[in-house]
Every structure is written in C-alpha cells, then in structure tokens.
Amino acid sequence: MFRFSLGAVLGLTLALALVLATGGDAFAHSTKSKNAGHTAAKHGGSLSHVGDYDAELVMTGEVLQLYLFDHQGVSPDLTGATGKATVLIGKKASQVPLSVVGGTHLEGAFAGQKEAKVIIRLKLAGKSMLGKFSAHAH
C-alpha cells in the first residue's frame, strides 16, 4: 500500500492545478498574441512576435506584408527599416527582401502557396530582430 504525506499530496494537487490552469495557453494557435492588447489579426494574417513587437504576417498569394505593433497595438516608426523573409515550403526555401511601404508596413513580392513557414529577419532603429510564423495565404 502507498503512503503519501500531506505535504506531498498538497504539492501534487498544486502542481496539477497549475498545469490545468495554464495548459490551454501553452497549446494556443498563433492567431492570438498573448502579450498584446488585441486578440485578432487586424489584417487577416498570422500573429507572432518579431523582436519586442507583436507582428502580423499577411500572405496574399502575390505579396508578403508584415505589420508591427507595440503591446498597446500602436505601430512603430518604420523609417529606415529593412528586412528579409525566408519562406519555407516543404524543403524549398525562398528569400524575399522586405521594404517599408507607406510607412505602415513592410512588404515583399512573393507568389506563394497556401501554407508556409516564414522566418523574418528585421532591422529597425539599429536593432536586429527575428520572428517565426506559420502563415496561410489569403
């Protein structure tokens, strides 16, 4: 027969309660940004993080668009920002240069498929940033 001390039972109960309370967030899909005030993609894309920013990647089948937001949902000044997207479809990787468009987002030409893994490398205000997305073309 097993014997458990009261401390062991309480410890296991607390551990189980913590797992149950936080387990859903650990497996959440990337359409929500856990640190942002907004919970839905503003432009219909996939949400992730690039550096300290919340980011939305939109694939239209013709272009990639990257929108950045601080944790209050405000877009940063993109003056001088440069970037590159590495788009992985199966075992094939394509490089897409990104440049600022209209001061609101970065964009690059890419005629892609419906689903891809995308790695973003961005330089903004002298700081290098990295982000990863599972993206779907719209």
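Quick note on the working numbering: the sequence shown kicks off at 32 and runs consecutively. Glycine included, every Cβ here is placed at the ideal spot set by N, Cα and C.
A straight line joining the alpha-carbon of residue 149 with that of residue 117 spans about 6 angstroms. Just so you know, the alpha carbons of residue 97 and residue 143 end up roughly 15 angstroms apart. Burial check for residue 93: the Cβ neighbour count within 10 Å stays below 16, so the residue is exposed. In the three-state DSSP reduction, residue 117 falls in the strand class (E or B).
A residue is called buried when at least 16 other Cβ atoms come within 10 angstroms of its Cβ; residue 161 does not meet this threshold and is exposed.
Under the three-state reduction of DSSP, residue 102 is assigned to coil, being neither helix nor strand. Rounded to whole angstroms, the gap between the alpha carbons of residue 137 and residue 73 is 15 angstroms.
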